[in-house]
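What follows is a single structure, written as structure tokens, with notes after it.
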Amino acid sequence: MSALINRRDLDFMLYEMLDVPALCQTPRYAQHDRDTFESVIEAAHALAEEKFLPFAAKLDASEPHFDGERVHIIPEVKEALKAYVDGGFLATAFDAENGGSQLPYVIAQSVAALFASANGPAVGYTLLTMAASNLLNVHGTEEQKTRYMRPMMEGRWFGTMCLSEPQAGSSLGDIKTRAQALPDGSYSISGNKMWISGGEHDLSENIVHLVLARLDGAPAGVKGISLFIVPKFHVNDNGTLGARNGVRLVGLNHKMGCRGTVNTVLSFGDTPCTGYLVGKPNEGLACMFHMMNEARIAVGLAGVMSGYAAYLFALDYARQRPQGRLPTDKSPESKPVAIIEHSDVRRMLLQQKAYVEGGLALCLYCAKLVDEKATAEDAKQKEEISLLLEILTPIAKSWPAEFCLEANKLAIQVLGGYGYTRDYPVERHYRDNRLNAIHEGTHGIQGLDLLGRKVTMKNGAAFRLLLGKIQQTVQATAGDASLAEFSVALGKAVEVAAATTQTLAAAAVQGKVDLFLANANLYLEMLGHIVVAWQWLQQAQCAHAGQAKATAADRDFYEGKRIACQYFFRYELPKAHRQAELLAKLDDTCLNLSPSVL
Numbered sequence: 104m105s106a107l108i109n110r111r112d113l114d115f116m117l118y119e120m121l122d123v124p125a126l127c128q129t130p131r132y133a134q135h136d137r138d139t140f141e142s143v144i145e146a147a148h149a150l151a152e153e154k155f156l157p158f159a160a161k162l163d164a165s166e167p168h169f170d171g172e173r174v175h176i177i178p179e180v181k182e183a184l185k186a187y188v189d190g191g192f193l194a195t196a197f198d199a200e201n202g203g204s205q206l207p208y209v210i211a212q213s214v215a216a217l218f219a220s221a222n223g224p225a226v227g228y229t230l231l232t233m234a235a236s237n238l239l240n241v242h243g244t245e246e247q248k249t250r251y252m253r254p255m256m257e258g259r260w261f262g263t264m265c266l267s268e269p270q271a272g273s274s275l276g277d278i279k280t281r282a283q284a285l286p287d288g289s290y291s292i293s294g295n296k297m298w299i300s301g302g303e304h305d306l307s308e309n310i311v312h313l314v315l316a317r318l319d320g321a322p323a324g325v326k327g328i329s330l331f332i333v334p335k336f337h338v339n340d341n342g343t344l345g346a347r348n349g350v351r352l353v354g355l356n357h358k359m360g361c362r363g364t365v366n367t368v369l370s371f372g373d374t375p376c377t378g379y380l381v382g383k384p385n386e387g388l389a390c391m392f393h394m395m396n397e398a399r400i401a402v403g404l405a406g407v408m409s410g411y412a413a414y415l416f417a418l419d420y421a422r423q424r425p426q427g428r429l430p431t432d433k434s435p436e437s438k439p440v441a442i443i444e445h446s447d448v449r450r451m452l453l454q455q456k457a458y459v460e461g462g463l464a465l466c467l468y469c470a471k472l473v474d475e476k477a478t479a480e481d482a483k484q485k486e487e488i489s490l491l492l493e494i495l496t497p498i499a500k501s502w503p504a505e506f507c508l509e510a511n512k513l514a515i516q517v518l519g520g521y522g523y524t525r526d527y528p529v530e531r532h533y534r535d536n537r538l539n540a541i542h543e544g545t546h547g548i549q550g551l552d553l554l555g556r557k558v559t560m561k562n563g564a565a566f567r568l569l570l571g572k573i574q575q576t577v578q579a580t581a582g583d584a585s586l587a588e589f590s591v592a593l594g595k596a597v598e599v600a601a602a603t604t605q606t607l608a609a610a611a612v613q614g615k616v617d618l619f620l621a622n623a624n625l626y627l628e629m630l631g632h633i634v635v636a637w638q639w640l641q642q643a644q645c646a647h648a649g650q651a652k653a654t655a656a657d658r659d660f661y662e663g664k665r666i667a668c669q670y671f672f673r674y675e676l677p678k679a680h681r682q683a684e685l686l687a688k689l690d691d692t693c694l695n696l697s698p699s700v701l
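In the working numbering, the protein residues as written are 104 to 701.
Structure follows, in structure tokens:
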């Protein structure tokens with residue numbers, strides 16, 4: 104089996120559960136078919152295993168360093184990224200008119216999953232570049248697309264997103280970076296940015312920074328933020344590179360994981376630094392959210408694949424590692440059994456499987472929603488898909504980052520003492536994955552976004568739509584005896600989520616906003632568990648349908664899906680009820696806790 108993913112699982116999700124080839128019936132994807140999808144995925148899988156996986160441990164041990172003049176990164180990174188760009192993987196989802204392959208986003212995300220599993224820190228540079236290119240494709244002028252987007256799509260230049268500052272962190276309303284208008288229509292940029300991934304390197308000819316800053320006289324808070332293109336090197340009218348712009352590397356941040364993606368502190372304006380406005384003044388955050396939302400789904404997928412790779416390694420290890428004897432074996436001459444024969448080891452493996460395969464299903468479902476939105480011809484349908492994506496994005500970002508990290512932890516436990524050593528990759532996967540709970544907004548921030556914005560938006564339209572989608576699956580499986588247990592349980596969970604949300608919303612209406620949001624992280628975990636249970640019920644439904652015509656090998660695969668679904672519903676979904684109970688009480692333990700007692 105591949106060290107990156109169970110390909111049978113990926114095929115199951117793409118072709119049996121999500122029916123991705125149906126997208127080929129739309130004009131946008133009519134030039135493709137399943138054979139195209141499989142050839143792209145196969146090529147990506149081969150490249151990820153051949154060019155990215157072999158140096159993952161070396162990159163972790165030999166993180167980028169700054170000698171005062173330039174950043175040094177091991178040469179394998181540049182070689183692998185060149186092969187990635189030459190293979191056309193950076194432009195998989197871009198429109199053909201812009202030089203892309205115009206593949207469905209769900210296929211592009213499947214490709215991204217393979218590289219994330221093989222060596223997420225190395226491929227991180229290209230993922231940021233894709234997101235930056237997409238932002239300019241939506242919000243940039245035609246001149247900006249030609250000058251900056253196309254070189255990024257071609258992989259000659261890389262991109263970044265520059266939001267946080269040392270004094271502000273995630274509180275973007277408090278950023279201080281300034282933008283002063285110049286006579287030629289450009290802007291002078293001055294300030295500092297912190298935690299900027301890919302902020303300085305020599306992996307590409309140029310770096311296109313997308314920078315949030317304030318115009319002089321702009322309103323306070325997030326309503327006064329604008330967005331600017333700030334290239335590392337100025338770009339001449341003919342597309343050639345000019346002199347260095349005033350972006351200076353102050354230093355590198357050294358992280359516990361994802362060490363191979365250089366993370367920087369940048370200073371803008373020590374020497375003249377020129378930026379170019381993207382979109383309208385004071386609407387920069389709305390533009391940046393296009394990149395941030397894409398990045399959030401990508402972070403969730405990265406969290407899944409760190410957990411998935413560790414699960415596969417732990418599974419293989421458990422099948423080969425002999426240790427201990429079964430409780431029923433009393434013979435002094437007996438030999439140790441493989442640890443997978445011990446029920447507690449099987450429990451840990453099953454829990455990992457439930458988390459990573461449930462998380463992958465959620466991320467790929469969200470990716471397909473992007474395609475359905477792009478191909479929808481009916482305005483009402485497009486609006487509904489947008490609402491569904493809005494409410495699922497914080498869950499797709501944060502649930503995998505939290506619970507696939509638990510899968511990493513369990514993988515270490517399966518290996519025992521060996522799991523904590525660098526002789527095996529599971530401790531590296533754990534460290535890499537720990538950052539995904541912080542990237543693109545912490546777990547708590549995603550909870551606030553979900554409950555405080557997405558659930559209440561348009562008078563609860565997105566929330567009702569999501570629960571309606573889940574209820575459709577409940578109703579579709581209610582008459583199947585093999586799925587009835589799960590169908591009933593999910594139906595009850597939906598009722599509890601609706602009632603709990605109503606209680607919380609009533610508190611907000613009464614002006615108790617602090618109580619409404621006090622336990623938003625619990626709300627995210629409650630609704631996240633219900634959503635992932637929904638994904639598992641759909642997987643079990645498809646597996647049940649496939650069993651009738653299954654080969655012997657497929658019967659084991661489908662049975663694995665059923666058992667993992669059963670595990671999630673019996674061991675994980677009940678947690679949502681406990682969280683709902685606490686939420687419904689409007690518990691104020693954390694809200695009214697005095698800092699002095701800590």
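Note that CB positions come from ideal geometry on N, CA and C, so glycine has one too.
_Outcome for Cys693 when other beta-carbon atoms lying within 10 angstroms are tallied against a minimum of 16_ = exposed
*Looking at C-beta atoms only, is the number of pairs between the segment 297-311 and the segment 252-261 that lie closer than 8 Å three or more?*
Output reads yes: the segment 252-261 touches the segment 297-311.
_Tyr290, enclosing beta strand (DSSP E) - first and last residue_ = Tyr290 to Ser300
*Provide the residue span of the alpha helix (DSSP H) that contains Ile177, from first to last.*
From DSSP, Ile177 is part of no alpha helix (DSSP H); its letter is neither H nor E.
_My output table needs one value for Leu676: the three-state DSSP class, helix, strand or coil._
It is coil, neither helix nor strand.
_Three-state secondary structure assigned by DSSP to Ile541_ = Residue state, collapsed to three classes: coil.
_Need the endpoints of the alpha helix (DSSP H) that His647 sits in, please._
For His647, the enclosing alpha helix (DSSP H) starts and ends at Ala623 to Gln650.
*asked:* Within 8 Å, do at least three Cβ pairs link the segment 449-460 to the segment 588-607?
replied: no
*Is there contact here, the segment 177-196 with the segment 220-233, by at least three beta-carbon pairs under 8 Å?*
The segment 177-196 vs the segment 220-233: in contact.
*Can you list the alpha helix (DSSP H) stretches of 4 or more residues lying completely in the segment 443-488, in chain order?*
446-478
*Do the segment 287-297 and the segment 238-251 touch if we need at least three Cβ pairs shorter than 8 Å?*
Counting Cβ pairs under 8 Å, fewer than three are found: no touch.
*As assigned by DSSP and simplified to three states, the class of Thr603*: helix
*Which class does Pro286 belong to by DSSP, given the choice of helix, strand or coil?*
Correct three-state label for Pro286: coil.
*Residues bridged to Val368 [DSSP beta-bridge criterion]*: Per DSSP, Gly354.
_Is Asp481 close to the ligand ZN? I mean its beta-carbon at under 7 Å from any heavy atom of the ligand._
The model on display carries no ligand, and the ligand ZN is accordingly not part of it.
_As a quick exercise: from Gln454, Thr139, Gly410 and Tyr523, pick the residue whose alpha carbon is nearest that of Ala219._
Looking only at Gln454, Thr139, Gly410 and Tyr523, the smallest Cα-Cα distance to Ala219 is reached by Gly410.
_Just to confirm, is the Cβ distance from Ala147 to Phe192 under 8 Å?_
yes
_Counted within 10 angstroms of its Cβ, other Cβ atoms place Val180 as buried (16 or more) or exposed_ = buried
*Determine, using beta-carbon pairs with one atom in the segment 476-484 and one in the segment 374-392, whether at least three such pairs fall under 8 Å.*
By the Cβ test, the segment 476-484 is not in contact with the segment 374-392, since fewer than three Cβ pairs between them sit closer than 8 Å.
_Identity of the residue in His632, Leu620, Gln650 and Tyr379 nearest Asn695 by Cα_ = Checking every option, the nearest Cα to that of Asn695 belongs to Leu620.
*At which residues does the alpha helix (DSSP H) containing Val213 begin and terminate?*
Val is not the amino acid found at residue 213; the sequence shown has Ser there. It spans Tyr208 to His242 - the alpha helix (DSSP H) in which Ser213 sits, taken as one unbroken run.
*How close, in whole Å, do the beta carbons of Glu505 and Met395 come, if the pair is a contact with beta carbons under 8 Å?*
Not a contact, Cβ separation roughly 19 Å.
*Express the C-alpha separation of Ile515 and Ala417 in angstroms, rounding to a whole number.*
8 Å
*Straight-line CA distance for Lys485 to Asp373?*
CA-to-CA, the gap between Lys485 and Asp373 works out to about 46 Å.
*So what does DSSP say about Ala323, is it helix, strand or coil?*
coil
*Per DSSP, what kind of secondary structure is Ile328 in: helix, strand or coil?*
coil
_Proximity of Asp305 and Arg173 at Cβ, strictly below 8 Å_ = yes
*My guess is that Cys361 and Gly223 are in contact by the Cβ rule of under 8 Å, so how many angstroms apart are they, rounded?*
7 Å
_Since Ile498 and Leu553 should fall inside the 8 Å C-beta cutoff, what is the C-beta to C-beta distance between them, to a whole number of angstroms?_
7 Å
*Please confirm if the segment 572-579 is in contact with the segment 634-649, defined as three or more CB-CB distances below 8 Å between the two stretches.*
yes
_By the DSSP assignment, the alpha helix (DSSP H) with Asn562 in it spans what residues?_
Note, Asn562: alpha helix (DSSP H), Met560 to Thr580.
*asked:* Within the continuous alpha helix (DSSP H) that includes Met255, where are the two ends?
replied: Arg253 to Met256
*Simplified DSSP state of Ala106, which is helix, strand or coil*: Three-state result, Ala106: coil.
*Endpoints, alpha helix (DSSP H) assigned at Ala149*: Arg137 to Leu150
*Span of the beta strand (DSSP E) holding His337?*
Phe336 to Val338
*Rounded separation between Phe660 and His647 - CA only*: Spanning the two alpha carbons is a distance of roughly 11 Å.
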